[in-house]
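Structure first, commentary second.
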Amino acid sequence: MSYVSDLMTAVEKRNTNEPEFIQAVKEVLESIEPVLDRHPEYKDAGIAERIVEPERQIIFRIPWQDDTGKINVNRGFRVEFNSAIGPYKGGIRFHPSVYLGIIKFLGFEQIFKNALTGIPMGGGKGGSDFDPKGKSDAEVMRFCMSFMTELFRHLGANTDVPAGDIGVGGREIGYMFGTFKKITNRFEGVLTGKGLTWGGSLVRTQATGYGCVYFVQEMLKTIGESYKDKTAVVSGSGNVAIYTVQKLYQLGAKPVAMSDSNGYIHDPDGINLDTVRQIKEVKRGRIKEYIDIHKKAKYEDNWTNIWKIKCDVAFPSATQNEIDKASAEALVSNGCKAVGEGANMPSTPEAVKVFLDNKVLFGPAKAANAGGVATSGLEMSQNAAFTSWSFDEVDKKLYNIMINIHEAAKKAAETYGTPGNYVNGANIAGFEKVAKAMFDQGLFG
Ligand code: NDP
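Mind the numbering: the sequence shown is residues 478 to 922 in this note's numbering, read in order.
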């Protein structure tokens with residue numbers, strides 16, 4: 478048994494019934510094994526043993542009243558995973574599937590992603606099993622207020638700074654920020670993704686999607702290609718998916734399909750993004766409504782079939798494990814050249830193997846979707862300096878950060894003997910930075 482497989486056995490034993498967390502840890506430990514072999518001092522200092530255990534996990538009750546007067550109780554989580562290089566930073570997810578294992582997998586990935594951005598941010602994640610779908614604005618507000626009534630005591634601009642994720646956008650951040658301010662009597666950058674008139678940053682809304690498209694562009698350049706005339710499939714129709722589609726159009730590609738948790742639409746003429754935004758952002762409706770307006774488009778209930786559509790570039794931007802082995806094989810046999818993970822861990826380990834074995838340019842989430850948190854970091858910088866930058870200024874910074882992340886991942890993959898493997902590259906480049914900080918800071922680093 479090797480050092481890493483012993484550790485993996487211990488992780489599995491300690492975190493039973495948390496398959497997503499175990500999946501995320503396994504991938505990272507396998508990638509960093511050669512780094513640990515080169516740095517016996519990291520083994521002696523127990524860096525790997527410490528990095529897989531959250532510094533702090535908070536689980537709390539969220540009572541709230543719905544519009545009929547009924548009392549409901551949800552469960553809230555905040556996992557403060559690692560603060561070696563900065564305050565805990567990571568989004569909040571509201572989705573019925575949320576439980577501790579999901580928040581831990583997301584918080585763990587966040588450590589390495591945040592390190593890759595080059596901005597000093599530690600890793601954390603939070604959320605609740607609350608389902609915002611079908612709830613009135615008043616219900617969402619009462620829920621967010623109750624959620625923050627517990628969470629506020631753990632937050633601070635230099636302690637822990639949450640943001641949005643699935644089910645948490647500008648509306649929810651607003652309700653949470655208002656509650657934080659009311660309880661603490663402090664106006665501080667304690668959440669990112671804020672409104673533009675009260676501390677938010679331009680480009681934050683677009684950042685994850687834009688950043689992912691920039692990252693894939695860098696990968697395409699390595700084979701002498703661009704987005705020009707490329708067909709794209711983008712799953713999801715939320716924050717990440719919408720701005721992925723917008724940037725793809727700006728750079729010359731044609732996105733032809735999008736989805737939600739009920740089904741997917743395929744519009745061979747190219748997705749009309751205005752229609753999608755009207756349905757999803759304004760009406761909070763279902764993607765199916767698209768075909769009422771665009772008669773040539775098709776809708777199918779089984780949304781995972783979206784990966785059977787022929788495309789040159791694919792952007793899974795909905796949820797974890799949405800591309801399995803069969804979907805990856807379908808993409809490969811249809812000639813897909815590049816995949817950019819907008820969502821977190823959207824490809825199963827078997828799917829990742831299919832992509833790597835077939836030399837598909839594969840941009841793993843930690844690297845490809847890091848533009849969101851990077852721009853959150855830029856929002857924190859603007860808040861700290863009581864200033865705000867123009868759209869172009871922030872977009873340029875985001876673009877450069879994505880180029881740097883691509884370069885760092887590419888270089889680390891080459892240094893450790895797996896050129897072109899961005900999974901290894903991103904894990905290693907992120908780990909090296911955090912491991913050094915933990916080592917320098919001693920046992921409590
Ligand atoms: P949104 O809530 O805005 O949108 C999520 C989209 O994915 C919706 O279309 C939703 O459909 C669909 N979806 C969610 N869960 C499922 C599911 N279990 N099965 C099928 N479809 C699903 O979330 P975001 O766009 O913010 O997040 C999408 C992904 O990107 C997540 O993995 C998130 O962690 C990741 N991410 C987000 C960042 C951000 O800045 N927002 C930053 C980095 C990563 P429906 O409306 O039907 O639920």
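For each residue, glycine too, the CB sits at the ideal point set by N, CA and C.
As the structure is a prediction and not an experimental result, all values here were calculated from the model.
Problem set entry | Residue of Arg761, Glu758, His771, Val759 minimising C-alpha distance to Asn749 | Stepping through the sequence shown from its first residue, residue 749 is reached at position 272. Ranking Arg761, Glu758, His771, Val759 by Cα distance to Asn749 puts His771 first.
Problem set entry | Paired residues, beta bridge with Ile569 - DSSP | Taking the sequence shown and counting its residues from 1, one reaches residue 569 at position 92. Bridge partners of Ile569: Gly603.
For this session: Can you have a look at Ala903 and say buried or exposed, based on whether 16 or more other CB atoms are within 10 angstroms of its CB?
Result: Within the sequence shown, residue 903 is the residue found at index 426, counting from 1. Ala903 comes out buried.
Problem set entry | Those residues which DSSP pairs with Lys838 across a bridge | Here residue 838 corresponds to residue number 361 of the sequence shown, with the count starting at 1. The question names Lys, but residue 838 is Leu in the sequence shown. For Leu838, which the question treats as bridged, DSSP gives the partners Ala815.
Exercise. Helix, strand or coil: which one does DSSP assign to Lys527?
Worked result: In the sequence shown, the residue the question calls residue 527 occupies position 50. The displayed chain sequence assigns Arg, not Lys, to residue 527. Of the three classes helix, strand and coil, the one that applies to Arg527 here is helix, per DSSP.
Exercise. Could you give the distance in angstroms between the alpha-carbon of Asn877 and the alpha-carbon of Ala861?
Worked result: As a position in the sequence shown, residue 877 is number 400, starting the count at 1. As a position in the sequence shown, residue 861 is number 384, starting the count at 1. In a straight line, the C-alpha of Asn877 is about 21 Å away from that of Ala861.
Exercise. Considering only the beta carbon of each residue, do Leu593 and Gly907 sit closer than 7 Å?
Worked result: The residue given as residue 593 occupies position 116 in the sequence shown. The residue given as residue 907 occupies position 430 in the sequence shown. Going by C-beta atoms, Leu593 is nearer than 7 Å to Gly907.
Exercise. Of all the alpha helix (DSSP H) runs that stay within the bounds of the segment 671-733, which reach a length of 4 or more residues?
Worked result: 681-698, 716-727
Exercise. Is Asp737 near ligand 1, going by C-beta to nearest heavy atom under 6 Å?
Worked result: On the sequence shown, position 260 is the one that residue 737 refers to. Yes, Cβ of Asp737 sits closer than 6 Å to a heavy atom of ligand 1.
Problem set entry | Cβ contact (3+ pairs, closer than 8 Å) linking the segment 779-791 and the segment 701-713 | yes
For this session: Only counting runs of 4 or more residues, tell me where the alpha helix (DSSP H) segments fall wholly within the segment 621-679, in order along the chain.
Result: 647-661
Exercise. Between the segment 659-672 and the segment 797-805, do at least 3 Cβ pairs fall closer than 8 Å?
Worked result: no
Exercise. Is any heavy atom in ligand 3 found nearer than 6 Å to the beta carbon of Ser714?
Worked result: For ligand 3, the structure offers nothing, since it holds only ligand 1.
Exercise. Apart from the five residues just before and just after Asp608, which ones in its own chain have a Cβ nearer than 8 Å to its Cβ?
Worked result: Sequence index remark: in the sequence shown, residue 608 carries index 131 (1-based). Correct list, in chain order: Phe571, His572, Pro573, Gly644.
Exercise. Considering only residues of the same chain and omitting the five flanking positions on each side of Ala795, which have a CB-CB separation below 6 Å?
Worked result: Position 318 of the sequence shown holds residue 795. Around Ala795: Ser712, Gly713, Ala820.
Problem set entry | Close-in-space but distant-in-sequence residues of the same chain around Asp746 (CB under 7 Å, 5 per side omitted) | Residue 746 sits at position 269 when you count from the first residue of the sequence shown. Same-chain partners within the cutoff: Lys773.
Exercise. If you measure from the CB of Ala487, is any heavy atom of ligand 1 nearer than 6 Å?
Worked result: Within the sequence shown, the letter at position 10 stands for residue 487. False, no ligand heavy atom lies under 6 Å from that Cβ.
Exercise. Given Leu833, which residues of its chain have a CB within under 8 Å of its CB, disregarding the five upstream and five downstream residues?
Worked result: Working through the sequence shown from its first residue, we reach residue 833 at position 356. If we look at Leu833 and ignore the five residues flanking it on each side, its Cβ neighbours are Phe839, Asn898, Val900.
Exercise. Just the Cα atoms here: how many angstroms apart are Tyr720 and Asp521?
Worked result: Position 243 of the sequence shown, counting from 1, holds the residue named residue 720. Position 44 of the sequence shown, counting from 1, holds the residue named residue 521. The straight-line gap from Cα to Cα measures roughly 45 Å.
Problem set entry | Candidates Arg515, Glu557, His516: closest to Val529 by CA position | Position 52 of the sequence shown holds residue 529. The candidate whose alpha carbon is nearest that of Val529 is Glu557.
Exercise. Can you give the beta carbon distance from Ser703 to Gly729, rounded, assuming they're within the 8 Å contact cut?
Worked result: In the sequence shown, the residue the question calls residue 703 occupies position 226. In the sequence shown, the residue the question calls residue 729 occupies position 252. That pair is a contact at about 7 Å.
Exercise. Between the segment 646-654 and the segment 671-680, do three or more beta carbon pairs fall short of 8 Å?
Worked result: yes
Problem set entry | Opposing strand residues paired with Gly553 [DSSP bridges] | Counting from one through the sequence shown, the residue named residue 553 turns up at place 76. Partner(s): Phe537, Ser605.
Exercise. Is Phe792 helix, strand or coil when you go by DSSP?
Worked result: Against the sequence shown, residue 792 aligns to sequence position 315. If DSSP states are grouped into helix, strand and coil, Phe792 belongs with the strands.
Exercise. Tell me the DSSP bridge mates of Asn559?
Worked result: Here residue 559 corresponds to residue number 82 of the sequence shown, with the count starting at 1. According to DSSP, Asn559 bridges with Gly600.
For this session: Report the three-state DSSP secondary structure of Ile786 (helix, strand or coil).
Result: Looking up residue 786 in the sequence shown gives position 309. DSSP places Ile786 in coil when its eight states are reduced to three.
For this session: With hydrogens ignored, establish whether the beta-carbon of Thr685 is closer than 6 Å to any heavy atom of ligand 1.
Result: Counting from 1 along the sequence shown, the entry for residue 685 is found at position 208. Within the cutoff, so yes.
Exercise. For Ile579, does the three-state DSSP call read helix, strand or coil?
Worked result: Here residue 579 refers to the residue found at position 102 of the sequence shown. If DSSP states are grouped into helix, strand and coil, Ile579 belongs with the helices.
Problem set entry | Residues near Gly584 in its chain [Cβ-Cβ closer than 7 Å; skip 5 each side] | Residue 584 sits at position 107 when you count from the first residue of the sequence shown. Cβ neighbours of Gly584 beyond the five flanking positions: Pro531, Val556, Phe558, Gly567, Gly600, Gly601, Lys602.
Exercise. Looking at the unbroken beta strand (DSSP E) that takes in Ile742, where does it start and where does it end?
Worked result: Reading the sequence shown from its first residue, position 265 is the one you call residue 742. 741-743 is the span of the beta strand (DSSP E), which, as asked, contains Ile742.
Problem set entry | Endpoints, the beta strand (DSSP E) within which Glu777 is located | Locating residue 777 in the sequence shown gives position 300, where the first residue counts as 1. Residues 775-777.
Problem set entry | Meets three-Cβ-pair contact criterion under 8 Å: the segment 754-761 and the segment 853-869 | no
Exercise. Which residue or residues does DSSP assign as beta-bridge partners of Ser824?
Worked result: Within the sequence shown, the letter at position 347 stands for residue 824. According to DSSP, which records beta bridges pairwise, Ser824 is partnered with Ile800.
Problem set entry | the segment 542-553 touching the segment 496-510, judged by at least three CB pairs closer than 8 Å | no
Problem set entry | Strand pairing of Gln542, partner residues [DSSP] | Against the sequence shown, residue 542 aligns to sequence position 65. Paired residues: Ile548.
Exercise. For the alpha helix (DSSP H) that contains Phe916, what are its first and last residues?
Worked result: Along the sequence shown, one-based indexing puts residue 916 at 439. Taken as a continuous stretch (DSSP letters only), the alpha helix (DSSP H) holding Phe916 covers 899-917.
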